[in-house]
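Novice: Once you've had a glance at the structure underneath, I'll fire off some questions.
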């Protein structure tokens, strides 16, 4: 397999570490540049003991986040694992130097700079790129990803919510105005930062909602749901922090479209995802468990019909750092490079 | 303080242990009988090492669950900490022997034997007592509890759901048909039983919905919500198991009643619960955290208004074993015996 | 019960919060001053939501850590819940103003300023007070505590190690040179500070030794063991961080004194601790479990004899924040004020 | 790569599941038979949802544990993932049918049937095979493993203890009589069985020693340490259960051999393990953390010298289910089949 020269920009957070784990054993990726302002000059295995003994690439040294240096490494594709707001400058610079960019941040997920500003509270730094960027949800936008220069890899909550909902909206089976979403995320989703609320003793034995009622990920969820529905969709969404390191579970109530009863969602999902290697449909009464997907690129989707209230209950589980971030970005990388979908992602 | 002779029937589960913890230091309770088929003949502190050194009552011996023996102990009040279906026979027998009964099981929570049979899948064993039993939610049925012979202490999920919703339904502020509930419970809620899904390695790092779409607790929730609304209420409810020992968090979406916008829920809650010592209203944008209530009889209630979808988000946190079971039963015991509300419940 | 006017200096760490929990319901303590540079002007319940609804004392406001203001509050006893190195200045100032001081920090635990400097790496700020300070281990120095002006409450590791060892050393039953100690602590022992290694995702599913081979607590352990042995004792000790919030378990190997075989440790412990309300001797083959003591002032001690190696195995469990810090300090407070030992400490 | 036809006998415990995870993606293993009395007739992915979508081998059906059927599958190598006492009959039968056997149980780890009987409390069922079986610690007995018919894969505690100690004993650097070991294990080590002490609520927030003073694994530790020392070695060892799913950490105190001071253990370990791909020597003051090895076949070894007590502190971390069981067995499988050491084990 021809290995693609690959750079990772800013890999010191939890998603970045998982991304490196995957790329280090990916047969189609050759890691040629790693940047980190804070760790420049040190090897990957010196910074993250997890990587000791993982082979020659683990002895690669972090360099300063200098775009010319990254380009000089010969990198053809760059993953950006940077905080939102910081990624866009790198994206512009690396695109200008001829690289293709897979951005794990939120910077290019929205089509509309005004919505970005509404949710992120500052003007978008590169609005001209928003039109070009492809929303990197491979099961939905696979064809566009193949030829993209700039891929905006989705957020974890949106991934867990969009995959169960989009086929139903496209098929006109549900009432968009009735969507009510509850999600739980492992603490790694909050990032690797020194903050009191993220201490072990604050999170352990703690269950808490946050960012109520307007979490930033709402913007990309609504954009993609609207696209699928062919009409503007506004939803209720509440994220919760729970004491697991990784894992995400979303439970969604939604009513059928006006005048409809229960449809055969098994058939709908089979048609939408039957050929997709990373969507596991558990069927009616199938109950996902985040433990079954942690460390994988799978999304498990189950559903039930509540005849008493005439609502569907949709349930999905992903690993917030894998399908919700790192491995999904690699899934786009595989599409981009025409590798088999599961290349480098055959984890259990 | 005059101490009330008290029996505890069947205290070997997690709720029972918490109940004993509370009663052992309750200044108004004198533990005179403890029953357990499996532990008969052993002292409390021999069975539960937690109780070693807790004083003379910890050296009380479990006796066989014989109703005459319980009556002979002089007990005036009996707590039943038994599985549902088993409690009713004891309730009948002990009532007949002149005791007052506080039942922590589900046996007497429903008014209607047909609903019981629908949800519990067997005929009710003592339908004639259903009319007499008082649903032991002190903030709602306090007056009835005072004079009751038989108190059916609410389930944990219902407690977390009813207290935020009832004042809004009573005030006609919300549309009952729009109620969508999502709850998370610590593993202790599933009981102290040798079952594979409850093993540490199955629960740790696991997030999972269960009993979808028709958990048994729906029956008592809908009964009490209907009572508050003055009309039949049917709701969506999904429980989830998360890796904490104790703690429960419920998040509820609900739309205003037809034609209404956002009401001042702070005022509504202040009126409903201002005099209640165990309801802590966190106010608009107040976010409950189960960690703040674990080991206490408090319920923390916060709320938000989502102007985008025109829905309220109600959030509540309790300790599933305390306010959701043991300490709430003691709250009823205090009412029954005209003790100050917080007697024996001043935990932090 | 006459309530003693009490001040708490610097209660924003995990030990401080537990201390406040205990004092708020202690019938012999009246909280009259709380200091915190960072929270001055705010009420206790505003800073720590756990305390909402806990009564009038929870509405006490933090004041600046000004010693004249503390003295003006009428406080007779001050607890210092401050980092080591910071406590000594307050101790001096408050003693000078006539208060008695119970210090939870390490500042006054050592008799010898040179040993302090060796282990804490800076000169002792108030060496003249070291002679006066009493090491506040009530089961060992109870008589001295009663009349003390300045009590240095022991560290958590020392508490868990000294109580099982001191009676054996005093009785000349063990070889001091053979003591090998291994301890595990919950993460709260590392403090409430914004540090990467204390994040949930760094501690969860992690087991790690630290401060090898010379943890600071060695100094007070060796001082007290030497005192009990009547000769200098040097020991091996390794602490480990494990993913629980609270709890500490120590396992100790020790050989009998030269020429001796197995002694009846049950008898030795019964004599040493038979009258002590907070030492629970589990006997030979009794295995402590930290879960049984969390949230209590108990220490559980078990032991075994390994005939194959001719060594004892001593095992103890405490709550690192309670018996290892806050509740042990209150145990000294009770002695100081001639309250019954268990006053305010009857937790289960 | 020529794939070796492989059977797994009895893979329903936690080690068995990890073994299947590894074998399913091992390029040199072709899974041809899976046995399970309880799951016979069901596919691997039906029994363990984790395996859904993992490819054709995940659709292999469990068969009854019939030795002729296993032989008829063409299997050349069989892994036994059975409880001790049960494995030996299968080992005998499969060896007789020409298969090579890698046994993860304790049945063939000891050379001496009398020691087996002492520690396992029943006579050894196949003493004649004990001489033939090779103790499958690849870093120590690699040469013997290559040609073995029957490999007894080591226990988790022994693995974590033997690798740090054996080179020091072989070099005569330490006093065997001084070895004092403390170990912590994740709960998965206790097995996947419905037992009260293994429930989430019993293990969470719990720290406890067990099997004191004579855990069964002592027998194999002492056998191998004696072999390395060239003299009988008896040791102190205490295992502890801590609330992680996977992970094991051992801390060992040991004195230098008589008359010696501190040796350069870095050099000793470099010589012993410099060519071993799965031993990561962290060096003096290097502190292992189980989190860094979970899900890998690595053992991390660090050490310190305590000049105060003249003892070494050796520390090691492994994943109890991987290097302590499943992946170590595959490491032997690789040796047996002359695959590169890391084949199928390049996890991070």
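Protein chains in written order, with our numbering: chain A, 1367 to 1714; chain B, 1367 to 1714; chain C, 1367 to 1714; chain D, 1367 to 1714.
Glycine included, every Cβ here is placed at the ideal spot set by N, Cα and C.
Have a look at residue 1477 of chain C and residue 1499 of chain C and give me their C-alpha separation to the nearest angstrom.
Specialist: Distance between the alpha carbons of residue 1477 of chain C and residue 1499 of chain C: 8 Å.
Novice: Could one say the Cβ of residue 1405 of chain A lies closer than 8 Å to chain C's Cβ atoms, at least one of them?
Specialist: For residue 1405 of chain A, the answer is no, since every Cβ of chain C falls outside 8 Å of its Cβ.
Novice: What are the partner residues of residue 1632 of chain D, as DSSP defines its beta bridges?
Specialist: Paired residues: none, contrary to the question.
Novice: Between residue 1393 of chain B and the rest of its own chain, which residues show a CB-CB distance below 7 Å, the 5 nearest in sequence each way excluded?
Specialist: Closer than 7 Å at Cβ, skipping near neighbours: 1367, 1709, 1710.
Novice: Expressed to the nearest angstrom, what Euclidean distance is found between the alpha-carbon atoms of residue 1486 of chain A and residue 1570 of chain A?
Specialist: Residue 1486 of chain A and residue 1570 of chain A: Cα-Cα distance of roughly 29 Å.
Novice: Contact defined as beta carbons within less than 8 Å: I believe residue 1445 of chain B pairs with residue 1385 of chain B. What is the distance between those atoms, to the nearest angstrom?
Specialist: Yes, residue 1445 of chain B and residue 1385 of chain B are in contact; Cβ-Cβ is about 6 Å, under 8 Å.
Novice: Would you mind working out which of C:1387, C:1432, C:1638 sits nearest residue 1410 of chain C, comparing C-alpha positions?
Specialist: Minimum Cα distance to residue 1410 of chain C is reached at C:1387.
Novice: Going by CA-CA distance only, name the one from C:1543, C:1583, C:1443 that's closest to residue 1370 of chain C.
Specialist: Among C:1543, C:1583, C:1443, the Cα nearest to that of residue 1370 of chain C belongs to C:1443.
Novice: Grab the span of the beta strand (DSSP E) containing residue 1649 of chain B for me, first residue to last.
Specialist: Unbroken beta strand (DSSP E) run through residue 1649 of chain B: 1645 to 1650.
Novice: Residue 1672 of chain A bridges to which residues according to DSSP?
Specialist: DSSP, once it has assigned bridges, lists A:1677 as partnering residue 1672 of chain A.
Novice: Determine the DSSP secondary structure at residue 1543 of chain C, reduced to helix, strand or coil.
Specialist: Residue state, collapsed to three classes: helix.
Novice: Contact criterion: CB-CB distance below 8 Å. Does residue 1571 of chain A meet it with respect to chain B?
Specialist: It does; some Cβ of chain B falls within 8 Å.
Novice: Are the CB atoms of residue 1508 of chain C and residue 1586 of chain C within a distance shorter than 8 Å?
Specialist: Not closer than 8 Å, so no.
Novice: Within a Cβ cutoff of 6 Å, which residues of the same chain sit near residue 1656 of chain C, ignoring the five residues on either side of it in sequence?
Specialist: 1613, 1615, 1683.
Novice: Going by DSSP, name the residue or residues bridged to residue 1385 of chain A.
Specialist: For residue 1385 of chain A, which the question treats as bridged, DSSP gives no partner whatsoever.
Novice: Quick check on this structure: which residue in A:1648, A:1450, A:1551, A:1572 has the alpha carbon closest to the alpha carbon of residue 1483 of chain A?
Specialist: The shortest Cα separation from residue 1483 of chain A among A:1648, A:1450, A:1551, A:1572 belongs to A:1450.
Novice: Taking the straight line between their C-alpha atoms, what separation do you get for residue 1550 of chain B and residue 1609 of chain B?
Specialist: Roughly 10 Å separates the two Cα atoms.
Novice: Compare the Cα-Cα distances from residue 1474 of chain C to each of C:1464, C:1465, C:1452 and report the closest residue.
Specialist: Comparing Cα-Cα distances from residue 1474 of chain C to each of C:1464, C:1465, C:1452, the minimum goes to C:1452.
Novice: Would residue 1664 of chain D pass as an interface residue toward chain A - the criterion being a Cβ-Cβ separation below 8 Å?
Specialist: Residue 1664 of chain D counts as touching chain A.
Novice: Any Cβ of chain C within less than 8 Å of the Cβ of residue 1617 of chain D?
Specialist: True, the Cβ-Cβ gap to chain C drops below 8 Å.
Novice: Residue 1522 of chain B CB to nearest chain D CB: under 8 Å?
Specialist: Chain D contact via Cβ: absent.
Novice: Run through chain B and tell me which residues come within less than 8 Å of residue 1566 of chain D, C-beta to C-beta.
Specialist: By Cβ distance, chain B contributes 1553, 1564, 1565, 1566, 1568, 1569, 1570, 1609, 1611.
Novice: Classify residue 1482 of chain B as helix, strand or coil using the three-state DSSP reduction.
Specialist: Three-state DSSP puts residue 1482 of chain B in a helix.
Novice: With a threshold of 6 Å on Cβ separation, who are the neighbours of residue 1594 of chain B within its own chain once the five nearest residues in sequence on each side are excluded?
Specialist: Excluding residues within five positions, the ones whose Cβ falls inside 6 Å are 1532, 1535, 1536.
Novice: Does DSSP put residue 1601 of chain B in a helix, in a strand, or in coil?
Specialist: Residue 1601 of chain B falls in the coil class under three-state DSSP.
Novice: Between which two residues does the alpha helix (DSSP H) carrying residue 1687 of chain D extend?
Specialist: Run containing residue 1687 of chain D: none; DSSP gives neither H nor E here.
Novice: Quick one: complete alpha helix (DSSP H) runs, 4+ long, within the stretch 1508 to 1581 of chain A?
Specialist: If we require 4 residues or more, the alpha helix (DSSP H) runs fully inside the stretch 1508 to 1581 of chain A come out as 1522 to 1536, 1566 to 1569.
Novice: In terms of residues, what are the limits of the alpha helix (DSSP H) holding residue 1413 of chain A?
Specialist: Looking at the DSSP string, the run of the alpha helix (DSSP H) that includes residue 1413 of chain A is 1410 to 1413.
Novice: Around the Cβ of residue 1425 of chain B, are there at least 16 other Cβ atoms within 10 angstroms (buried) or fewer (exposed)?
Specialist: Under this definition residue 1425 of chain B is an exposed residue.
Novice: By the DSSP assignment, the beta strand (DSSP E) with residue 1467 of chain A in it spans what residues?
Specialist: Residues 1466 to 1469.
Novice: Indicate whether at least one CB of chain B lies closer than 8 Å to the CB of residue 1674 of chain A.
Specialist: By this cut-off, residue 1674 of chain A is an interface position.
Novice: Is it the case that the Cβ atoms of residue 1688 of chain B and residue 1662 of chain B are separated by a distance below 8 Å?
Specialist: Yes; because the gap between Cβ atoms is below 8 Å, this pair is in contact.
Novice: Note down, in chain order, each residue of its chain lying with its Cβ closer than 6 Å to the Cβ of residue 1510 of chain B, except the 5 sequence neighbours on either side.
Specialist: Cβ within range, chain order: 1500.
Novice: What's the C-alpha gap between residue 1627 of chain A and residue 1524 of chain B?
Specialist: Whole-angstrom Cα-Cα distance: 29 Å.
Novice: Helix, strand or coil, according to DSSP, for residue 1583 of chain A in the structure here?
Specialist: Of the three classes helix, strand and coil, the one that applies to residue 1583 of chain A here is helix, per DSSP.
Novice: Please classify residue 1697 of chain B as buried or exposed, where buried requires at least 16 other C-beta atoms within 10 Å of its C-beta.
Specialist: Result: buried.
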